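The block underneath contains the structure these notes are about, expressed in C-alpha coordinates.
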Amino acid sequence: MAEHYLRVINPYTEKEAFSFPMLQSEEVDTVVANARTAFESWRDSSISQRIALCQKFMSAFEGMTDEIARNITEQMGKTFNQSKGEVKGMLGRAEHMISIAEKTLADEWLPDVPGFKRYIRHEPLGVVLDIAAWNYPLLIAVNVVVPAILAGNSVILKHSSRTPLCGQAFVDAFEKAGAPPHLVQNVIANHGVTAQLIQHPHVSHVSFTGSVKGGHEVSQSAAGRFIETGLELGGKDPAYVCADADFDFAVANCVDGAFYNAGQSCCAVERIYVEKSIYPAFIEAFAAIA
(Lines of atoms letter the chains of each structure in order from A; the text may use other names.)
(Lines give C-alpha, C1' and ligand atoms only; values in the text may rest on other atoms or scores of the structure.)
Protein backbone atom coordinates (compact mmCIF):
# COMPACT_ATOMS: atom_id res chain seq x y z
CA MET A 100 0.00 0.00 0.00
CA ALA A 101 2.95 2.37 0.47
CA GLU A 102 3.06 3.27 -3.22
CA HIS A 103 -0.59 4.38 -3.04
CA TYR A 104 0.23 7.23 -0.66
CA LEU A 105 2.16 10.43 -1.14
CA ARG A 106 4.24 11.37 1.88
CA VAL A 107 5.28 15.01 2.19
CA ILE A 108 8.44 15.78 4.16
CA ASN A 109 8.71 19.04 6.11
CA PRO A 110 12.05 20.51 4.95
CA TYR A 111 12.61 22.15 8.35
CA THR A 112 12.14 19.03 10.49
CA GLU A 113 13.00 16.49 7.77
CA LYS A 114 10.07 14.46 9.09
CA GLU A 115 6.83 13.41 7.45
CA ALA A 116 4.31 16.24 7.69
CA PHE A 117 1.42 14.90 5.62
CA SER A 118 0.28 11.73 3.91
CA PHE A 119 -2.30 11.59 1.13
CA PRO A 120 -3.89 8.80 -0.93
CA MET A 121 -2.91 9.01 -4.59
CA LEU A 122 -5.24 8.82 -7.56
CA GLN A 123 -5.20 5.36 -9.09
CA SER A 124 -5.40 4.47 -12.77
CA GLU A 125 -8.88 3.00 -12.46
CA GLU A 126 -10.18 6.25 -10.92
CA VAL A 127 -9.18 8.54 -13.79
CA ASP A 128 -12.36 8.06 -15.82
CA THR A 129 -14.53 8.98 -12.83
CA VAL A 130 -12.56 12.16 -12.09
CA VAL A 131 -12.74 13.32 -15.70
CA ALA A 132 -16.42 12.36 -16.03
CA ASN A 133 -17.23 14.43 -12.94
CA ALA A 134 -15.31 17.37 -14.39
CA ARG A 135 -17.11 16.99 -17.71
CA THR A 136 -20.51 16.95 -16.00
CA ALA A 137 -19.62 20.12 -14.10
CA PHE A 138 -18.49 21.76 -17.33
CA GLU A 139 -21.70 20.90 -19.19
CA SER A 140 -23.73 23.03 -16.79
CA TRP A 141 -21.13 25.71 -16.02
CA ARG A 142 -20.54 26.51 -19.68
CA ASP A 143 -24.07 27.96 -19.84
CA SER A 144 -23.53 30.30 -16.88
CA SER A 145 -23.39 34.03 -17.53
CA ILE A 146 -20.21 36.04 -17.13
CA SER A 147 -21.79 37.82 -14.16
CA GLN A 148 -22.41 34.47 -12.45
CA ARG A 149 -18.82 33.41 -13.05
CA ILE A 150 -17.47 36.69 -11.71
CA ALA A 151 -19.68 36.43 -8.63
CA LEU A 152 -18.43 32.92 -7.89
CA CYS A 153 -14.78 33.93 -8.26
CA GLN A 154 -15.31 36.93 -5.98
CA LYS A 155 -16.78 34.63 -3.33
CA PHE A 156 -13.86 32.26 -3.88
CA MET A 157 -11.44 35.12 -3.16
CA SER A 158 -13.25 35.98 0.05
CA ALA A 159 -13.19 32.35 1.21
CA PHE A 160 -9.52 31.98 0.30
CA GLU A 161 -8.58 35.15 2.17
CA GLY A 162 -10.35 33.81 5.25
CA MET A 163 -8.00 30.83 5.24
CA THR A 164 -4.82 32.89 4.86
CA ASP A 165 -2.97 31.77 8.00
CA GLU A 166 -3.86 28.10 7.54
CA ILE A 167 -2.80 28.11 3.89
CA ALA A 168 0.43 29.99 4.66
CA ARG A 169 1.36 27.50 7.39
CA ASN A 170 0.71 24.62 5.01
CA ILE A 171 2.94 26.17 2.33
CA THR A 172 5.77 26.61 4.82
CA GLU A 173 5.45 23.07 6.16
CA GLN A 174 5.36 21.58 2.67
CA MET A 175 8.05 23.46 0.73
CA GLY A 176 9.98 25.52 3.28
CA LYS A 177 9.14 29.09 2.35
CA THR A 178 9.14 31.37 5.40
CA PHE A 179 5.74 32.02 6.95
CA ASN A 180 5.85 35.73 6.08
CA GLN A 181 6.70 34.95 2.45
CA SER A 182 3.89 32.38 2.40
CA LYS A 183 1.41 34.97 3.67
CA GLY A 184 2.76 37.38 1.08
CA GLU A 185 2.05 34.84 -1.64
CA VAL A 186 -1.57 34.52 -0.49
CA LYS A 187 -1.90 38.30 -0.75
CA GLY A 188 -0.23 38.36 -4.16
CA MET A 189 -2.41 35.55 -5.44
CA LEU A 190 -5.58 37.35 -4.34
CA GLY A 191 -4.39 40.53 -6.06
CA ARG A 192 -3.74 38.62 -9.26
CA ALA A 193 -7.16 36.95 -9.10
CA GLU A 194 -8.82 40.32 -8.52
CA HIS A 195 -7.19 41.70 -11.68
CA MET A 196 -8.29 38.70 -13.73
CA ILE A 197 -11.85 39.12 -12.50
CA SER A 198 -11.79 42.86 -13.28
CA ILE A 199 -10.92 42.30 -16.95
CA ALA A 200 -13.02 39.17 -17.53
CA GLU A 201 -16.15 40.78 -18.95
CA LYS A 202 -14.25 42.89 -21.48
CA THR A 203 -11.77 40.15 -22.39
CA LEU A 204 -14.42 37.48 -22.98
CA ALA A 205 -16.89 39.70 -24.85
CA ASP A 206 -17.55 39.12 -28.54
CA GLU A 207 -15.10 40.95 -30.80
CA TRP A 208 -16.87 42.52 -33.76
CA LEU A 209 -15.01 42.78 -37.05
CA PRO A 210 -15.77 45.08 -40.00
CA ASP A 211 -18.75 43.83 -42.00
CA VAL A 212 -18.37 42.57 -45.53
CA PRO A 213 -21.28 42.30 -48.01
CA GLY A 214 -23.60 39.54 -46.87
CA PHE A 215 -21.78 38.84 -43.62
CA LYS A 216 -21.66 40.05 -40.04
CA ARG A 217 -18.34 39.00 -38.58
CA TYR A 218 -17.33 38.51 -34.98
CA ILE A 219 -15.04 36.40 -32.81
CA ARG A 220 -16.70 34.56 -29.92
CA HIS A 221 -14.70 33.09 -27.04
CA GLU A 222 -16.10 29.65 -26.25
CA PRO A 223 -15.12 27.54 -23.22
CA LEU A 224 -12.82 24.63 -24.01
CA GLY A 225 -14.11 22.01 -21.58
CA VAL A 226 -12.08 20.24 -18.92
CA VAL A 227 -8.80 22.04 -18.17
CA LEU A 228 -5.95 20.11 -16.54
CA ASP A 229 -3.55 22.33 -14.61
CA ILE A 230 -0.22 20.78 -13.54
CA ALA A 231 1.16 23.37 -11.13
CA ALA A 232 4.63 23.86 -9.65
CA TRP A 233 5.65 24.03 -6.01
CA ASN A 234 7.89 27.11 -5.81
CA TYR A 235 4.99 29.58 -6.01
CA PRO A 236 2.18 27.12 -5.43
CA LEU A 237 -0.62 29.69 -5.32
CA LEU A 238 0.54 32.27 -7.87
CA ILE A 239 1.23 29.60 -10.48
CA ALA A 240 -2.04 27.73 -9.95
CA VAL A 241 -4.24 30.84 -9.96
CA ASN A 242 -2.88 31.77 -13.40
CA VAL A 243 -4.92 28.89 -14.80
CA VAL A 244 -7.69 28.12 -12.32
CA VAL A 245 -9.42 31.50 -12.13
CA PRO A 246 -9.25 32.34 -15.87
CA ALA A 247 -10.51 28.85 -16.70
CA ILE A 248 -13.52 29.21 -14.40
CA LEU A 249 -14.24 32.73 -15.66
CA ALA A 250 -14.20 31.41 -19.23
CA GLY A 251 -16.74 28.67 -18.42
CA ASN A 252 -14.50 25.64 -18.01
CA SER A 253 -14.06 23.08 -15.24
CA VAL A 254 -10.63 22.41 -13.75
CA ILE A 255 -8.67 19.38 -12.59
CA LEU A 256 -5.72 20.66 -10.56
CA LYS A 257 -2.75 18.29 -10.29
CA HIS A 258 -0.39 20.12 -7.99
CA SER A 259 3.25 19.30 -7.35
CA SER A 260 3.91 16.33 -5.10
CA ARG A 261 5.64 18.79 -2.75
CA THR A 262 2.60 21.02 -2.30
CA PRO A 263 -0.60 18.96 -2.66
CA LEU A 264 -2.41 20.88 0.08
CA CYS A 265 -2.22 24.02 -2.05
CA GLY A 266 -4.38 22.35 -4.65
CA GLN A 267 -6.88 21.36 -1.98
CA ALA A 268 -7.03 24.96 -0.77
CA PHE A 269 -8.45 25.99 -4.15
CA VAL A 270 -11.07 23.25 -3.96
CA ASP A 271 -12.05 24.14 -0.39
CA ALA A 272 -12.39 27.84 -1.19
CA PHE A 273 -14.54 27.20 -4.27
CA GLU A 274 -16.75 24.83 -2.26
CA LYS A 275 -17.20 27.52 0.41
CA ALA A 276 -18.07 29.94 -2.39
CA GLY A 277 -20.89 27.66 -3.53
CA ALA A 278 -19.34 26.26 -6.71
CA PRO A 279 -21.14 23.38 -8.44
CA PRO A 280 -19.85 19.93 -7.43
CA HIS A 281 -16.58 18.94 -9.12
CA LEU A 282 -16.15 22.28 -10.89
CA VAL A 283 -12.65 22.37 -9.39
CA GLN A 284 -11.01 19.10 -8.35
CA ASN A 285 -7.63 18.42 -6.76
CA VAL A 286 -5.86 15.17 -7.61
CA ILE A 287 -2.61 13.70 -6.30
CA ALA A 288 -1.07 11.49 -8.95
CA ASN A 289 2.20 9.95 -10.09
CA HIS A 290 3.63 10.53 -13.57
CA GLY A 291 1.87 7.55 -15.12
CA VAL A 292 -1.58 8.52 -13.91
CA THR A 293 -0.93 12.15 -14.85
CA ALA A 294 -0.13 10.97 -18.38
CA GLN A 295 -3.48 9.16 -18.38
CA LEU A 296 -5.22 12.40 -17.50
CA ILE A 297 -3.40 14.25 -20.29
CA GLN A 298 -4.38 11.56 -22.79
CA HIS A 299 -8.01 11.35 -21.71
CA PRO A 300 -10.34 12.26 -24.61
CA HIS A 301 -12.44 14.55 -22.42
CA VAL A 302 -9.51 16.69 -21.25
CA SER A 303 -9.46 19.65 -23.62
CA HIS A 304 -6.51 21.74 -22.45
CA VAL A 305 -3.35 21.07 -20.43
CA SER A 306 -1.26 23.71 -18.67
CA PHE A 307 2.10 22.79 -17.13
CA THR A 308 4.57 24.89 -15.16
CA GLY A 309 7.85 23.24 -14.27
CA SER A 310 11.08 21.88 -15.64
CA VAL A 311 12.08 21.49 -19.27
CA LYS A 312 12.22 17.72 -18.71
CA GLY A 313 8.68 17.77 -17.37
CA GLY A 314 7.58 19.87 -20.32
CA HIS A 315 8.95 17.25 -22.72
CA GLU A 316 6.96 14.56 -20.92
CA VAL A 317 3.73 16.57 -21.01
CA SER A 318 4.23 17.38 -24.69
CA GLN A 319 4.86 13.73 -25.52
CA SER A 320 1.79 12.60 -23.57
CA ALA A 321 -0.39 15.09 -25.45
CA ALA A 322 1.10 14.27 -28.86
CA GLY A 323 -1.47 13.36 -31.48
CA ARG A 324 -4.44 14.69 -29.50
CA PHE A 325 -4.59 18.10 -31.23
CA ILE A 326 -5.35 19.91 -27.97
CA GLU A 327 -3.81 23.10 -26.67
CA THR A 328 -0.96 22.73 -24.21
CA GLY A 329 0.57 25.62 -22.30
CA LEU A 330 4.15 24.96 -21.17
CA GLU A 331 5.89 27.44 -18.89
CA LEU A 332 9.35 25.96 -18.38
CA GLY A 333 12.67 26.90 -16.80
CA GLY A 334 14.46 30.11 -17.72
CA LYS A 335 18.06 31.30 -17.84
CA ASP A 336 18.16 34.76 -16.33
CA PRO A 337 21.29 36.95 -16.41
CA ALA A 338 21.97 40.24 -14.65
CA TYR A 339 24.32 42.84 -16.12
CA VAL A 340 26.08 45.34 -13.86
CA CYS A 341 27.84 48.26 -15.54
CA ALA A 342 30.37 50.56 -13.93
CA ASP A 343 27.98 53.52 -13.97
CA ALA A 344 25.19 51.63 -12.19
CA ASP A 345 24.05 52.48 -8.64
CA PHE A 346 26.53 50.11 -7.00
CA ASP A 347 24.77 49.45 -3.68
CA PHE A 348 21.40 49.06 -5.37
CA ALA A 349 22.84 46.64 -7.95
CA VAL A 350 24.54 44.46 -5.34
CA ALA A 351 21.51 44.26 -3.07
CA ASN A 352 19.14 43.42 -5.91
CA CYS A 353 21.44 40.82 -7.45
CA VAL A 354 21.62 39.07 -4.07
CA ASP A 355 17.85 39.29 -3.66
CA GLY A 356 17.31 38.09 -7.22
CA ALA A 357 19.50 35.05 -6.66
CA PHE A 358 18.39 34.03 -3.17
CA TYR A 359 14.77 35.14 -2.75
CA ASN A 360 12.48 32.16 -2.22
CA ALA A 361 15.64 30.07 -1.70
CA GLY A 362 16.47 30.76 -5.34
CA GLN A 363 13.42 28.78 -6.47
CA SER A 364 11.97 31.35 -8.85
CA CYS A 365 11.53 31.07 -12.59
CA CYS A 366 13.07 34.53 -12.94
CA ALA A 367 15.83 34.04 -10.34
CA VAL A 368 19.23 35.48 -11.29
CA GLU A 369 21.35 32.54 -12.41
CA ARG A 370 24.45 34.35 -13.63
CA ILE A 371 25.83 37.86 -13.24
CA TYR A 372 28.01 39.76 -15.70
CA VAL A 373 29.94 42.58 -14.01
CA GLU A 374 32.05 45.21 -15.74
CA LYS A 375 35.72 44.47 -15.10
CA SER A 376 36.57 47.73 -13.34
CA ILE A 377 34.08 47.11 -10.51
CA TYR A 378 34.26 43.31 -10.43
CA PRO A 379 36.47 42.90 -7.30
CA ALA A 380 34.41 45.37 -5.27
CA PHE A 381 31.18 43.76 -6.47
CA ILE A 382 32.30 40.27 -5.42
CA GLU A 383 33.29 41.51 -1.97
CA ALA A 384 30.03 43.39 -1.43
CA PHE A 385 27.90 40.54 -2.81
CA ALA A 386 29.55 38.00 -0.50
CA ALA A 387 29.10 40.27 2.52
CA ILE A 388 25.34 40.44 1.97
CA ALA A 389 24.85 36.85 0.88
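Per our numbering, residue 100 is the first one in the sequence shown, and the count goes up by one each step. C-beta: ideal position from N, C-alpha, C; glycine also. Just so it is clear, the structure is predicted and the values come from calculations on it, not from any experiment.
At the C-beta level, S253 and L282 come within 8 Å of one another. Taken through DSSP and simplified to helix, strand or coil, V286 comes out as strand. When secondary structure is reduced to three states using DSSP, N109 falls in the strand class. Between the alpha carbons of A137 and A250 lies a distance of about 14 Å. D345 has its alpha-carbon roughly 42 Å from the corresponding atom of F269. A116: member of the beta strand (DSSP E) spanning 114-120, first to last residue. Going by beta carbons, D336 and V368 fall inside the 8 Å limit. Here DSSP, grouped into helix, strand and coil, assigns I219 to strand.
Shown here, S318 sits in a helix according to DSSP, grouped into three states. Bridge partners of H304 according to DSSP: V227, E327.
Measuring C-alpha to C-alpha distances from D347 to each of A387, E125, Y359, A288 identifies A387 as the nearest.
Counting of Cβ neighbours within 10 angstroms places Y104 among the exposed residues, the total staying below 16. Taken atom to atom, the span from the alpha-carbon of F385 to that of I171 is near 29 Å. Judged by beta-carbon spacing, R149 lies beyond the 8 Å limit of I219, meaning their Cβ atoms are not closer than that value. The C-alpha of G356 lies about 42 Å from the C-alpha of S145.
One alpha carbon belongs to D206, the other to I287, and they sit about 37 Å apart.
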